[in-house]
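Just remember that this note's numbering sits 665 ahead of the position in the sequence shown, which is counted from 1. Below: the structure, in structure tokens.
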Amino acid sequence: FRFATDARLKIEVVEFYDDQSGYERGLTLPLRHPSGLFDGETEAVWGLNTAYSVVEKSVTTRDYNYRTATAEMMTEQHDATGGDNTTYGEAYHYADNFLQKGDKEAAESGAFYARIRHERYLNEQAILKGQSTSSLLMPGLEIRVQGDDAPAVFRKGVLITGVTASAARDRSYELTFTAIPYSERYGYRPALIPRPVMAGTLPARVTSTVKNDIYAHIDKDGRYRVNLDFDRDTWKPGYESLWVRQSRPYAGDTYGLHLPLLA
Numbered sequence: 666f667r668f669a670t671d672a673r674l675k676i677e678v679v680e681f682y683d684d685q686s687g688y689e690r691g692l693t694l695p696l697r698h699p700s701g702l703f704d705g706e707t708e709a710v711w712g713l714n715t716a717y718s719v720v721e722k723s724v725t726t727r728d729y730n731y732r733t734a735t736a737e738m739m740t741e742q743h744d745a746t747g748g749d750n751t752t753y754g755e756a757y758h759y760a761d762n763f764l765q766k767g768d769k770e771a772a773e774s775g776a777f778y779a780r781i782r783h784e785r786y787l788n789e790q791a792i793l794k795g796q797s798t799s800s801l802l803m804p805g806l807e808i809r810v811q812g813d814d815a816p817a818v819f820r821k822g823v824l825i826t827g828v829t830a831s832a833a834r835d836r837s838y839e840l841t842f843t844a845i846p847y848s849e850r851y852g853y854r855p856a857l858i859p860r861p862v863m864a865g866t867l868p869a870r871v872t873s874t875v876k877n878d879i880y881a882h883i884d885k886d887g888r889y890r891v892n893l894d895f896d897r898d899t900w901k902p903g904y905e906s907l908w909v910r911q912s913r914p915y916a917g918d919t920y921g922l923h924l925p926l927l928a
């Protein structure tokens, strides 16, 4: 995302993009190493570094939707590179929380998450770093570096993913940047933010929309609402939580249940 000015409303807005169409383009900078004659005022780049890693060749996802328990929920192996022979192995992710297998363009489907996850892996394949005096560098900008001494990946074009700037009274504006190679096949994917997790068992009481109800209030899928004991807020009766599925042990004539004795 980035901040921009809306020409029609004349206000500042936030623009969100999910592919390469949102990149800023058109900046080319020379490779110029600081020296005794370098005053720091000419916009240039230097100190270019590249680090490469072997990443996953493909991603497969799978989930379980109890509403359609017999539906096939495993996706095909997805390779966002189209056959890059420098990648290796398969990443298998279970329970990405999707409801249908879908295809790579169907939002929030299994194939969609497989594509996004592989693009995120590919972002770690080449990590590029450098320094610059250009005030135009910002995340989401594609730049090219001029100079025969510049690494080929910088001459072809890189996408800026992060910058750290500094300046002082006795020193010109300067920044360090991180980047990844620009690609038409896949875009930048930020790292996943871990979801909040509550560890252990939480005591709660099954609730109902009817006061002093002797029966549990359930929906058409047999799910309950519960009132967690640690919750101090006041809620409308029967709406203290989202719908919660009940888990219980079971056995039958062709399958059993084993409860081991723990000393």
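Glycine included, every Cβ here is placed at the ideal spot set by N, Cα and C.
What are the boundary residues of the beta strand (DSSP E) that Y717 is part of?
Looking at the DSSP string, the run of the beta strand (DSSP E) that includes Y717 is V710 to Y717.
Per DSSP, which residues does G827 bridge with? Please list them.
Answer by DSSP bridge pairing, in chain order: T843.
Any contact between the stretch 762–780 and the stretch 865–882? By contact I mean 3 or more CB pairs, one from each, below 8 Å.
Verdict: no, contact absent.
How about T808 and L696: are their beta carbons less than 9 Å apart?
Checking the sequence, you will find Ile at residue 808 rather than Thr. Not a contact, by the Cβ cut-off of 9 Å.
Can you give me the start and stop residues for the beta strand (DSSP E) that L692 sits inside?
From DSSP, the beta strand (DSSP E) with L692 extends over E689 to P695.
What residue from A669, T707 and E677 has the CA that sits closest to E839's CA?
Residue T707 is the option with its Cα nearest to E839.
Is the stretch 820–831 in contact with the stretch 727–735, if contact means three or more CB pairs nearer than 8 Å?
They do not touch, by the three-pair rule.
Just how far apart, CA to CA, sit I676 and G903?
Computed Cα separation, rounded: 43 Å.
Helix, strand or coil, according to DSSP, for R667 in the structure here?
If DSSP states are grouped into helix, strand and coil, R667 belongs with the strands.
To which residues of the same chain is I792 closer than 6 Å at the C-beta, ignoring the five residues directly before and after it?
The answer, listed in chain order, is A716.
Taking DSSP as the reference, what is the three-state secondary structure of T798?
In this structure, T798 counts as coil in the three-state DSSP scheme.
Please list, in chain order, all residues of the same chain as L857 whose beta carbon is under 8 Å from its beta carbon, the five residues on each side excluded.
Answer for L857: R785, listed in chain order.
Using only alpha-carbon positions, find the residue among L922, L907, E905 and S906 that is nearest to R913.
When only C-alpha atoms are compared, the closest one is L922.
What would DSSP say about I989, mapped onto helix, strand or coil?
Lying before the first or after the last residue shown, residue 989 is absent from the chain, which here runs from 666 to 928.
Roughly how many whole angstroms lie between the Cα atoms of R673 and R667?
Taking the straight line joining both Cα atoms gives about 18 Å.
Can you check DSSP and say which residues form a bridge with H743?
DSSP lists V724 as partners of H743.
So does the stretch 744–761 actually touch the stretch 880–892, counting three or more Cβ pairs closer than 8 Å?
At 8 Å Cβ cutoff, the stretches do not touch.
Does DSSP put R850 in a helix, in a strand, or in coil?
Coil.
Which residues in the same chain have their Cβ closer than 6 Å to the Cβ of A815, if we skip the five residues on either side of it in sequence?
Answer for A815: L696, listed in chain order.
Just how far apart, CA to CA, sit Q765 and E741?
Their backbone Cα atoms lie some 13 Å apart in a straight line.
When the Cα atoms are used, what is the spatial distance from G687 to G805?
For G687 and G805, the distance between alpha carbons rounds to 8 Å.
A779: which of T725, A832, S799 and E755 sits nearest, CA to CA?
When each option's Cα is compared against that of A779, the closest is T725.
For R870, which residues in the same chain have their Cβ closer than 8 Å to its Cβ, ignoring the five residues on either side in sequence?
Contacts found: V891, N892 and D894.
Classify N762 as buried or exposed, calling it buried when 16 or more other Cβ atoms lie within 10 Å of its own Cβ.
So N762 ends up on the exposed side.
Helix, strand or coil, according to DSSP, for I808 in the structure here?
Three-state DSSP puts I808 in a strand.
Under 8 Å Cβ to Cβ from L801, same chain only, skipping five residues before and after it: list those, please.
Correct list, in chain order: L692 and E708.
Do G712 and G795 come within 9 Å of each other at the CB atom, strictly closer than that value?
Yes.
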